[in-house]
Every structure is written in structure tokens, then in C-alpha cells.
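Peer 1: In order, the protein sequences belong to chains A and B.
Heads up, the first sequence is in the working numbering, so the first residue is 1 and it goes up one at a time.
Heads up, the second sequence is in the working numbering, so the first residue is 1001 and it goes up one at a time.
Note that CB positions come from ideal geometry on N, CA and C, so glycine has one too.
Take this structure, written in C-alpha cells, and hold onto it; I'll ask about it next.
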Amino acid sequence: MDPAPPLTDDDILPPVEPRTVYRLGLTGTGMAAAACGIGLVEAFAGDLPWVAATLRVALAFFGLILAGYALSLRAGLWQAWAILAATAGLGSLGLPNTWDSFQMFFRVAAVVAGCGAGLAALPLTLRLSLISVAVLVHFGGILTATTWPDPAPWLTNQVGQRVYMPYLTFMYLRNAYHFYSPEPGPASHVFVLVKYELDETDPKTGKPKLVSEWLSMPRRDAEQFRDPLGLTYYRRLSLTEMVSQIIPALVTNQNIETEEVKERRVAYSVIKDPLMPQPYQAAQGNVDPINLQYRIPQPHVYKYLLPSYVRHLAGAHEAPGRKVVSMKIYRVEHRIIQPQVFVNGGSPFHPTTYKPYYCGEYTPDGKLVDPQEQMLYWLVPILPKPGGAAPGDPDKIDYDDHMSRHAGFKFNWKDITP
Amino acid sequence: MSTTLPAPTKKPLLKTWLDFWFAPGDPTTLGFLRLVTGFIVLYVHLAYCFDFHSFFGPHAWWGLNEANRERREAPTPVPTFWDDKFGGWDETPKSAFLPEYPHRLAAFLKFLRGLPADDKAQFAQSLKFLTRIKDAVENTGNPMYGLEGFGYVAGLSGDPNTRAKELQNMVKGDTKFVTSTGQIVRVPTMLTSLPSDSPTNPDRLEVAAEIEAFFRVLPTDIDERKYVIAHFVEADAGRLKNLVRFIKELGDLSPEQRKELLDYMEYWNFEKKQALRVGQPTFSVWFHMTDPTCMAVTHGVVLVVMFCFAIGFCTRVTSALTWIAAVGYIHRNQYVLFGMDTMMNILLIYLMIGNSGAALSVDRLIARYRAGKLGLGRSGTIDDRTRAYLETPPASVSAGFALKLLNVHFCFIYMAAGLSKLKGNSWWNTTAYWDTLVNPEFTLIHYSLYESFVRNMVWNRPFYALASAMGVGFTFVAEIGLPFLVWTRLRPFVMIMGFMLHAGVAIFMGLWIFSLLMMMMLLGYMPGWCVRERIFGAKPAATPFTVTFSKADPAQVRAAARIAALDFDAQATFAEGAEYRVVVDGKPFAGPDAAKAAAGRMAWASPVRVALLVPGLSGVVAGLLAPQK
């Protein structure tokens, strides 16, 4: 008797029957087609109840998942890829227009699945060749991303913007991996002075009572450091870092606006806070060069980001009987203490290590109250008090807090000092 | 005996390439990466629960309106690739630009919106002087023409009668005039060169009419007029040309088109038609879902999917769904992201590409069960091929390919991180080390013990200088050296350096999750057998047991197959018998006792054996490992 033939891989674990794969996949395609059908009905019959849109979304998504699951059972079958491509294509048509981002995603999935079908149908050699080309293209994109930060080569700009940007953005692969470079740099905080109008009347003025409150971010307290690994804290740190993107050295440009900016700054010091040094003066050796004192944020920060932050905070801090009236925002760089100061007993959390830049007063709907406010985008310094703390001062305040003076409300530095 | 070394074999480049990328790889490493990364990803998304609506709701830090507007409208500018005149060296952006300062932008937009674009003749006349200045600047390359021309307009009086006199004097040939505030305003050179020998001077009359028409469309408010003119003055030749072109094109549009164009310009300060593309290819359910209940349910479903991915259930599907979900969170709010999200995404992409569920997963457990069931049903025992399958997950091309992609990508990351630091003075003079020790927002400096430690360390400057130089040097060697050395026999050492680097980042910078993810990527260089040895250790050959079962009874076959699936240390021997028995140390057990005996014997289960005391759990185990009647 002949010996039994040796077991093959398929004997150990038989692959799923192609028929099962097709049946599952085509069920998914049917679901996506049903989503399309509802869409067609809506196109002809007019708006349907919200349930119809929800059903379209559910059918498209579950159809795609089912077709994807079918593919996962036998990824070597080009037909399974083709079914997935068809499902994705139909799904993109079946989704309501309000789900435009996923219409785009489904189209991309259809193209990718279509390419997969082509690859699966090709002979092995050709398949590996095309995959090799894809690998080269992919890492070409990664290389482009790593060379993109300024000053980027002309070639990177051209190839990146024209070719790779959609792919890298879609896949979230645009990072350049320039961690802590070229310089580590100080972190940024955001201090916000929120002014509220209460429902009660101030007896002195006869008008609604106004109260103010400082908010600051990030903080290592229970409110902002909520998970064991500090992710909630670092997310807030990212929010504040995003606001710190500035256009450098603008104040040294010679144009009408920058001349007016300097004049307004000088006028503020003369009239409203004579104790604050002029931009060109040194005070206790703790004032930056003038080009570092004026830091206008990048346009997307002051046009979109700060107003969005304001709207969020206004919504988050309104309460019954309390209406947000305005917010003053300060972007605060927390400079890293120098070793020689640290060795001599200096604290990394002393208020003079914080450098607030005034970013404007906003209404609750995110509108900048005065784009020509005198201290807008200027450093509002916290400087060492000449002669140190006053004798007999129980709090031993050895600094001049011009930020609180500018804001009109005292900031309690102990809230952010450990 | 030969004393010469054999000549090194030289592989063809193509074979080298194919062997590098497409050689079958052990999926155990990938499975381990999936397991740890999956739970990290789950943690990251669980942490979102604290700030869910603050980050992803309609009124989040980055509002939904802003996010939607950005992904639908954001222009992609692109520098010139080629032009006939300069061969691609003209870097003037093609788009017109408006002032960035809000008050100047408001003034300029008011000017643009106030132009008489519906009256073609008036519109053309009002722009003639502007075009004249633009042409003079462009033709001569001398910006003074712009300064003079616009300066002259700025100096004209706002009172129509006074202005008419000033213009009339210009026609007559005056080269300057004095304003009411005593400022001297000179007539521009391009006008003084026009003939002035006749009282009417037709050319000068024409220009005067152009100037008057231009002045009339400027804002009446002095400051607003100043801002509009300043923007023209501050534009160089190229920008002025684009600005004038843009303004002229407004006359070709319908009022609706003009409104749309100017609204777009107001928001983006970029001409839509000059953008290479408009919008961004980002996707997220949070762009489309705002109802809090729906959001909560969807987030819950996402967490379940991520858990399934972490444990390796339906991994091919859950890996794709996890990546889609994770990127959806990322795309919705890019302002809360940092390096951790980048690394998480990279890992998820490659775990999705490779069959990361082929090892250390529920899928693998199910596959082991199915293979065991088939083998036991076929031969009444575990044959050699099935034993080999159960022992080690089969090598697969997709696992090898995904790991290589990860390995190469990691090299890019380290190389970019290391080389970019060379641009920084603080890295060259080693002060960067200090920044990473005492940055108050990142480090442990808010703990008094750590603060004392650092203070003592830095007090001794020579010691501190040596430590910081070593720290910086170590960073450079690790980051720049790894992409080269990791492909040599020094791989274990550079991996250890990498682990040390990221352990330092975790401890001193508080970036635990980022560091864990980087360590996961480093583990991608570890061979599968090494991972298996570390997890499963040496085989406990001294504690075997036997399972007898009847091949004719499907329930017994299934129960035996479950034992085979769970027998990770290959302790069980299977044999055909009349009844289902588990024989341990010569003693046969039947029914639920058989299940407990098998569970009690399995070496991997010894740390969790105490769980059998939990009411109900032992019944579950009995139900799994013994046939049910």
C-alpha cells in the first residue's frame, strides 16, 4: 500500500472556501448598494427623515466592514479585492453628502482595493516588482517629510506639495521627526483673564456686577492631570504650544504698521504703567532684545486658533447667573532657568521665569476687541523688584508683575507654583 | 585542509532586495508589538474620555466649524516650478495677498467690496492710475515709482474741492504741493515727465481724472485710506502686479462670485484659483457627528474595537478599523497632538499591513484550536506537521514585510531626529542637556527630591559639564548611529542604547507613552524566537499529561482540541481511547475533574490557577476543557 501523501499547509488549516468569501463580500456590497438606493430615493423624492441618513451611513460602513472581513479570509483572491473595491465605491455614493470626509475615504479605499485586485491577479514577479515600487514611493514620501521644515530644499517643496502632500496628510505621516531640534526651547502656557457679568447688580454702579477669574493651562493638578500617565496634561501642553508659533523679528521691519506698533507700546509705558521699562531699556538685566519683545503669532494662530479657544472657553465657563463678557489672553513662555541662577538658589518656577505676551482681548464669540491695542503681542514682563521684597512683606513679593497690572486683576502665582 | 577563508558569496542586487523585503518572517514579534501597542492605543483613547467634548465636540478647543472649513477650503500654495522668463527662479507667489493685521485687512476688504465692479466703465477708470503705477514699477524695476505714486495719492486732500485744485495744479505743471498739515507732497516722477507746456495738457488731464477716479474708490476714513495705500506701497513689484491683477479680475465676476472670492480671501488670504489644491484629505467621524449620545456610543464602540485589536480578535479587520478610528481622532483635532500620536500612527499602519494577529492573539488561539481539531479528528493524535504548526506560528511574507517597513521607517526617524539636532547651538555646546533636565513643564523638577538631586549635580560644574557632554554625545551616537549599526552584529548594543535613550526620555521628560511606543518600534528588530523565549521560557518537559478521547465523538474531539489550543508548552500527549480522560501522573480524571486536572497541569496557567477558586470560573473551564453531554 502506498504511504499516505504528506500533509500540506491546507490540510493543517484549510483556507476558507472562495464561495463563502464571495457570499460574505457580496452581502457587504449589497448593503452598500442599499445605501445607494436610499440615496437615489432621497434624490428624487426630496428630504427623508433623519433615520434615512443614519441608515445610509450604517449600511455603507457595515457593508465595507463585511467586505473587508471577507477579504481577510482569503486575501489571495483577486475577486475578494474586487468585491471590496466595488463595495467601497458604492459606499462612497451611498453615504450622505454631509459625510463628505468619508465619501473621500471610501473612494480612496476603492482605489486601493482596486490596486489590490490587480496585484492579486498578477504573476508573483510582477506583483513583487510593483510592491517594491510602492515601497520606494512610500519612503520617498517619508524622506520628503523629514526634509520639509524650513529651510526646505526647493526639490522637497515641489515634490512634497505637488505629489506627496495628499498621501502624507491622509495617512498622517507628515511629521519631520525633528524632536527637540534645533533647540529644545521653553514650553508655553496660556493664561486667560475671564470677565463675567453676574445676574446681580453692583450697588455702587447700579449695573450688573462684574467679576474676573484667571484660568491657566496646563497645570499639574487634579483638574488637568487626570490620568496616571499624564496624557490629559500633555494634550493641554500641546494646545498651548500651538499658540506659540510666531512670525520672528517683525518689529525690526520698517513699515508703517511696525512703527505704529512701537509708538503704541511706548505710549502704554508712559501713560498706563510708568514702572514698566520701555522696549529699549534694560531693567535688572531681565529684559529681552526688542525683536524678542514683540511676538506676533502666525496668521493661523491669531485668525483661527485663538478665536476658537476663546469660543470654547466661553462655552465651557458660562453658567446660570454668569455670562462671559470678555477674555484677555496671554501666551506665557516659561523660560528655563540658567544653571548659574539655579545653583545660587533660584527657583525654576519663580514668576520672573515666565514671559507673558499679550494676545488680545476677545469677545465670547472670538472677535478681537481692539486690533490696535497698545500692548497687543508685546511682552508684558514680570521683572525682579529692585531691592527685592519690601521689608515686612509677609508674601515676600520680590517681583513686579506687569501682567497683572495690565490685566487689571492680580494673578495668583502660587496657583501654578508647586 | 584549506587555510584560506571561503570567498564571500555575492548575491545579485535583485535577490538581495527581494530577500530583504519579502523573506517570510516570524509573526511573533509583530504579535507582541500588536499586543503592547494595542493596549497603549486603548489607554490613549480611554484617556480621551476625560476631555472628549473639549477635544472632539462641536465647540471643542478647535471648533468644528473651523475644522470643517480647514479641511474643505485650506489652500495648498506651491512655488513656481518653471517659467520662461526666469527658469523657475522667480519666487513671487502667484496669489495676491491682503494685509494680515486685522484692522488693515478690514480696511482693504472694505475698499475691495466697495469697488464699482458692476459698472464696467467706472470700474476700469478707477483702476487706471493703479495700473499706471504698477506698470511703471514693473517696467523699471524701481519701487520708488510706487512710493511716489501712492504717496502722492495719500497726500491729496479728502475734501473734493481742495483735491480738485491740487490736481489742477499738477496739470499745470506744479511739481509739489503743501498739505493743510504742512506736509510737502511731491508729484511723482512718472507724471512730472509728462508734457506741461499747455494749460490743458491732455496727458496730465487724463492722469488727473485717473487719480480722481482712484481716490474716489478709496475709503473716506483717513486711517482706512492710509492702510489701503500702505498695502500697495509695501508690495514689491511682483506682489503689486498680482494684487492689481486680482483687483481687475473682480470686475469680470458676478456679485455672488465676487462675494465668494472675497470671503475666501478674507479667511485664507490666498486666491483659490492660484492654489494647487483646495482642502485637505482628512477624515473623521467627529466631523459629522455632534450629538453627545451618538458620540459617546461611537467612542464606546471604538474602544471595544481597539480592545479586540489588542487581544488579536479578527485582527485583519480590527487592525484596519483601529487605524481608521485613531487617525479620525487625530484628524479632528491636530492641536492636541504630539510625537506620541505620530509614533502610534506609524505602528498602527504597519500592524495593519502585516498579519499582526498571527501570533499572541485570540485569532492564533482559534487557529490552534481549528488545527488541533482537524489533526485530532484525522489521526487521533497531533501529527508532526500539526505539532510544528502549534509550536511556532508559520512564517509569513506579510509579517516579514511589515517588520522590515517598520525597521526602515525607524531608521528614518532616528536619522532625522539626530541630524536635525546638529542644527542647534544648544546641542553643540551641550546646554540642551540642561534643558531636558529642568524644563519645568516636562521634567520632575517640581519634586523637591529631584530638584535637590539636580542642584547637587550641577553645583559641581566639571562633573555637570562631563555629564551633559556624555548625555548629548550618547544621544547623537544613538540617533545617528542606529540607522547604520542596527543592520550589523552590533544590533543588540544599539537597541540597548535606544532603550536607554527612551527610558531617559520617559523618566526625565515624563513622556511615558511616547517612550513606550518608541521602544515598541525598537522591538521590531528583535527576532521572533527571542520574543517567544522571553514570554514562554524553557519548555517544562517534566510535567506532561495525556489526553485520551474518542475520535468518533465530536464533543470529545472539540474538548481535546481546546486543550491542544491552550497547551502552549506542548505538555499534552493525545491518544485515542474509549472515553475522554485526562491522565496526570498515571491517574485518570473524567468529567469536570479532567478539565481541572488539565488546567492545573498547564505550566503557563500556574500564575492564574488561583482564579479557579472564583465561583463560576471553574465551571467555565470545565465546560471548555471537558466534553459537554
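With DSSP as the reference, label residue 150/A as helix, strand or coil.
Peer 2: DSSP places residue 150/A in coil when its eight states are reduced to three.
Peer 1: Between residue 62/A and chain B, is any beta-carbon pair separated by less than 8 Å?
Peer 2: By this cut-off, residue 62/A is not an interface position.
Peer 1: So residue 1446/B and residue 418/A are supposed to be a Cβ contact under 8 Å. How far apart are they, rounded?
Peer 2: Yes, they are in contact, since the Cβ atoms of residue 1446/B and residue 418/A sit about 4 Å apart, within 8 Å.
Peer 1: Counting only beta-carbon separations shorter than 8 Å, does residue 1391/B have a partner in chain A?
Peer 2: So no, residue 1391/B is outside the interface.
Peer 1: Which of helix, strand or coil does DSSP assign to residue 1502/B?
Peer 2: The answer is helix: DSSP assigns residue 1502/B an H, G or I state.
Peer 1: Go ahead and pull the three-state DSSP assignment for residue 296/A.
Peer 2: Residue 296/A falls in the strand class under three-state DSSP.
Peer 1: Along the chain, where does the alpha helix (DSSP H) containing residue 1357/B start, and where does it finish?
Peer 2: That residue, residue 1357/B, is in no alpha helix (DSSP H); it is neither H nor E in DSSP.
Peer 1: List the whole-angstrom C-beta distance separating residue 1495/B from residue 1522/B, where the pair is believed to meet the contact cut-off of C-beta under 8 Å.
Peer 2: Indeed, because the Cβ distance is near 6 Å, the residues count as touching under 8 Å.
Peer 1: Anything in the region 172–185 of chain A with a Cβ closer than 8 Å to a Cβ of chain B? List those residues in chain order, please.
Peer 2: Those residues of the region 172–185 of chain A that come within reach of chain B (Cβ to Cβ, closer than 8 Å) are 172, 173, 175, 176, 177, 178, 179, 180, 181, 182, 183, 184, 185.
Peer 1: With respect to the alpha helix (DSSP H) encompassing residue 311/A, which residues constitute its N-terminal and C-terminal limits?
Peer 2: Unbroken alpha helix (DSSP H) run through residue 311/A: 306–317.
Peer 1: In chain order, what residues of the region 1576–1591 of chain B put their CB closer than 7 Å to some CB of chain A?
Peer 2: Cβ contacts with chain A come from no residue of the region 1576–1591 of chain B.
Peer 1: Could you have a look at residue 156/A and say whether DSSP puts it in helix, strand or coil?
Peer 2: If DSSP states are grouped into helix, strand and coil, residue 156/A belongs with the helices.
Peer 1: Which value, in whole angstroms, describes the spacing of the CA atoms of residue 133/A and residue 164/A?
Peer 2: Each residue's alpha carbon lies about 15 Å from the other.
Peer 1: Where residue 1275/B and residue 1080/B are concerned, what is the direct C-alpha to C-alpha distance, given to the nearest angstrom?
Peer 2: Straight-line Cα distance between these residues: approximately 12 Å.
Peer 1: Hey, is residue 269/A's beta-carbon within less than 8 Å of any beta-carbon in chain B?
Peer 2: Chain B, which has no Cβ nearer than 8 Å to the Cβ of residue 269/A, makes this no.
Peer 1: Check whether the region 1285–1296 of chain B touches the region 1022–1031 of chain B, counting contact only when three or more Cβ pairs, one atom from each stretch, lie closer than 8 Å.
Peer 2: Contact fails: fewer than three Cβ-Cβ distances are below 8 Å.
Peer 1: Against chain B, does residue 374/A count as a neighbour if the rule is that its beta carbon must be under 8 Å from one of theirs?
Peer 2: Output row for residue 374/A: interface = no.
Peer 1: In the DSSP assignment, what are the bridge partners of residue 187/A?
Peer 2: Note: residue 187/A sits in a beta bridge opposite 334/A.
Peer 1: Could you round the C-beta distance between residue 153/A and residue 147/A to whole angstroms and report it? I think they count as a contact, below 8 Å.
Peer 2: About 6 Å; that satisfies the 8 Å criterion.
Peer 1: Could you tell me whether any Cβ in chain A is nearer than 8 Å to the Cβ of residue 1102/B?
Peer 2: Yes, because at least one Cβ of chain A sits closer than 8 Å to the Cβ of residue 1102/B.
Peer 1: Classify residue 1178/B as helix, strand or coil using the three-state DSSP reduction.
Peer 2: Of the three classes helix, strand and coil, the one that applies to residue 1178/B here is strand, per DSSP.
Peer 1: Any chance you could list the alpha helix (DSSP H) runs of at least 4 consecutive residues sitting entirely within the region 1448–1490 of chain B, in chain order?
Peer 2: Those alpha helix (DSSP H) runs which fall completely within the region 1448–1490 of chain B and span 4+ residues are 1448–1459, 1461–1485.
Peer 1: At 9 Å on the CB atoms, spell out the chain A contacts of residue 962/B, in chain order.
Peer 2: As shown, chain B starts at 1001 and ends at 1629. That puts residue 962/B outside it, with no answer to give.
Peer 1: Taking the continuous alpha helix (DSSP H) assigned at residue 212/A, which residues delimit it?
Peer 2: Looking at the DSSP string, residue 212/A is not in any alpha helix (DSSP H); the run it does join, the beta strand (DSSP E), is 208–217.
Peer 1: Please tell me whether residue 1312/B has its Cβ less than 8 Å away from any Cβ of chain A.
Peer 2: Chain A, which has no Cβ nearer than 8 Å to the Cβ of residue 1312/B, makes this no.
Peer 1: In chain B, what lies closer than 8 Å to residue 187/A by C-beta?
Peer 2: Near residue 187/A (Cβ distances below 8 Å), the residues of chain B are 1439, 1440, 1441, 1442.
Peer 1: Rounded to whole angstroms, what is the Cα-Cα separation between residue 252/A and residue 275/A?
Peer 2: Its pLDDT being 48, under 50, residue 252/A is placed unreliably by the model, and nothing is read from it.
Peer 1: For the region 180–189 of chain A against the region 200–208 of chain A, are there 3 or more C-beta pairs whose distance is under 8 Å?
Peer 2: No, they do not touch.
Peer 1: When Cβ atoms are compared, which residues of the region 1448–1460 of chain B fall closer than 7 Å to chain A?
Peer 2: Here the close residues are 1455, 1458, 1459.
Peer 1: Quick check: what's the CA-CA separation for residue 140/A versus residue 173/A?
Peer 2: Between residue 140/A and residue 173/A, the C-alpha separation is close to 12 Å.
Peer 1: Can you tell me whether residue 1120/B is buried or exposed? The criterion is at least 16 other CB atoms within 10 Å of its CB, across all chains shown.
Peer 2: Classification for residue 1120/B: exposed.
Peer 1: Are the C-beta of residue 29/A and some C-beta of chain B separated by less than 8 Å?
Peer 2: No, because no Cβ of chain B sits closer than 8 Å to the Cβ of residue 29/A.
Peer 1: Compare the C-beta of residue 1420/B against all C-beta atoms of chain A and say whether one is closer than 8 Å.
Peer 2: For residue 1420/B, the answer is yes, since a Cβ of chain A falls inside 8 Å of its Cβ.
Peer 1: Between residue 1011/B and residue 1490/B, what straight-line distance do the alpha-carbon atoms span, to the nearest angstrom?
Peer 2: Going from the Cα of residue 1011/B to the Cα of residue 1490/B covers about 22 Å.
Peer 1: If residue 1584/B sits next to residue 1601/B, beta carbons under 8 Å apart, how far is it from one beta carbon to the other, in whole angstroms?
Peer 2: Their Cβ separation, rounded to whole angstroms, is 6 Å, which keeps residue 1584/B and residue 1601/B in contact under 8 Å.
Peer 1: Show which residues of chain B have a CB atom less than 8 Å away from the CB atom of residue 311/A.
Peer 2: By Cβ distance, chain B contributes 1059, 1063.
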